[in-house]
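Engineer: In our numbering, the protein residues as written are 2 to 270. The beta carbon of each residue, even a glycine, is placed where N, CA and C say it ideally should be. Just so you know, these numbers come straight off a predicted model, no measurement behind them.
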């Protein structure tokens with residue numbers, strides 16, 4: 002059984018695009034919608050912008066739909082840019098039910114219900130999401146609502162639509178991670194301000210699909226943040242994680258983490 006903690010480590014939506022608008026003179030132009038864009042330099046430059054914040058704390062509510070009863074969870078997510086993602090999850094009466102931390106070296110987490118913990122590289126999250134390319138950089142970008150896959154403009158078709166922009170791989174993209182090559186069909190949608198709105202990743206070798214939707218972007222502390230995030234994992238069954246971010250705080254905080262005694266390590270399968 003996949004615990005809420007493990008879903009949350011994969012799904013915490015935490016922030017931003019570094020710029021809200023593309024400069025008017027460099028905005029891609031097209032004569033009509035639903036046509037491939039030729040002047041796409043500014044678009045590809047924009048979607049590779051990095052975040053400039055130092056730290057952000059986000060209060061969230063989380064609903065998990067996986068065929069089992071899981072009550073609504075409250076969460077505090079804290080991210081130090083390029084350094085760590087820390088999560089504290091509470092259920093009834095505000096009692097901590099799970100806590101986790103991700104750094105460039107891997108992920109750690111524990112949950113109190115079954116008294117188990119994980120201490121792993123990123124293969125755990127890759128197995129959970131059904132992909133092979135997640136490392137810390139990709140994870141942070143995913144959490145930030147930013148483009149988290151390597152994008153070579155020559156391998157993608159960019160189209161302007163009435164809803165914004167649509168980016169689709171022209172052929173399956175082969176990603177080599179630690180000698181393992183996997184192929185993916187990739188599509189991404191962006192709103193008119195080039196905020197990411199939808200990512201869909203289909204694994205060519207299987208029926209697995211990962212879909213992430215971002216909506217209701219807000220602007221705070223010179224950054225853009227998605228208020229709502231939906232993560233859909235489709236394989237033999239469909240699991241969904243619905244996150245609503247309710248408050249953003251840019252002050253630093255302590256991030257304690259230690260596994261309580263007598264907990265059992267959960268092995269990767």
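Return the CA-CA distance between residue 266 and residue 259, expressed in angstroms with no decimal places.
Structural biologist: Along the chain shown, one-based indexing puts residue 266 at 265. Along the chain shown, one-based indexing puts residue 259 at 258. Near 13 Å, if we compare the C-alpha coordinates of residue 259 and residue 266.
Engineer: Would you kindly work out how many angstroms separate the C-alpha atoms of residue 64 and residue 99, rounded to a whole number?
Structural biologist: Here residue 64 refers to the residue found at position 63 when the chain shown is read from its first residue. Here residue 99 refers to the residue found at position 98 when the chain shown is read from its first residue. So the alpha carbons of these two residues sit roughly 15 Å apart.
Engineer: In angstroms with no decimal places, state the Cα-to-Cα distance between residue 181 and residue 189.
Structural biologist: Here residue 181 refers to the residue found at position 180 when the chain shown is read from its first residue. Here residue 189 refers to the residue found at position 188 when the chain shown is read from its first residue. Distance between the alpha carbons of residue 181 and residue 189: 24 Å.
Engineer: Tell me whether residue 253 sits in a helix, a strand or coil according to DSSP, three-state version.
Structural biologist: Your numbering for residue 253 matches position 252 in the chain shown. In this structure, residue 253 counts as coil in the three-state DSSP scheme.
Engineer: Is it true that the stretch 73–81 meets the stretch 229–240, where meeting means three or more beta-carbon pairs spaced less than 8 Å apart?
Structural biologist: No, they do not touch.
Engineer: Okay, do the stretch 197–215 and the stretch 151–162 touch, 3+ Cβ pairs below 8 Å being the bar?
Structural biologist: They do not touch, by the three-pair rule.
Engineer: If you run the structure through DSSP and keep just helix, strand and coil, what is residue 258?
Structural biologist: Counted from its first residue, the chain shown places residue 258 at position 257. In this structure, residue 258 counts as coil in the three-state DSSP scheme.
Engineer: Grab me the residues of residue 116's own chain with a C-beta within less than 8 Å of its C-beta, minus the 5 sequence neighbours each way, in chain order.
Structural biologist: Within the chain shown, numbered from 1, the residue matching residue 116 stands at position 115. Closer than 8 Å at Cβ, skipping near neighbours: 261, 263, 264 and 265.
Engineer: Mind checking residue 236: buried by the 16 CB within 10 Å criterion, or exposed?
Structural biologist: Taking the first residue of the chain shown as 1, we reach residue 236 at position 235. Label assigned to residue 236: exposed.
Engineer: Do residue 137 and residue 91 have their CB atoms nearer than 8 Å?
Structural biologist: For the purposes of this step, residue 137 is identified with residue 136 of the chain shown, where counting begins at 1. For the purposes of this step, residue 91 is identified with residue 90 of the chain shown, where counting begins at 1. Not a contact, by the Cβ cut-off of 8 Å.
Engineer: Pick helix, strand or coil for residue 267, following the three-state DSSP scheme.
Structural biologist: Sequence index remark: in the chain shown, residue 267 carries index 266 (1-based). Three-state result, residue 267: coil.
Engineer: Measure how close the beta-carbons of residue 122 and residue 82 come, nearest whole angstrom, since I'm counting them as under 8 Å.
Structural biologist: The residue given as residue 122 occupies position 121 in the chain shown. The residue given as residue 82 occupies position 81 in the chain shown. So it is not a contact: roughly 21 Å between Cβ atoms.
Engineer: For residue 52, which option in 222, 184 and 233 has the closest C-alpha, if you only look at C-alpha atoms?
Structural biologist: Stepping through the chain shown from its first residue, residue 52 is reached at position 51. The option with the nearest alpha carbon to residue 52 is 222.
Engineer: Tell me the rounded alpha-carbon separation between residue 252 and residue 226.
Structural biologist: Counted from its first residue, the chain shown places residue 252 at position 251. Counted from its first residue, the chain shown places residue 226 at position 225. Residue 252 and residue 226: Cα-Cα distance of roughly 16 Å.
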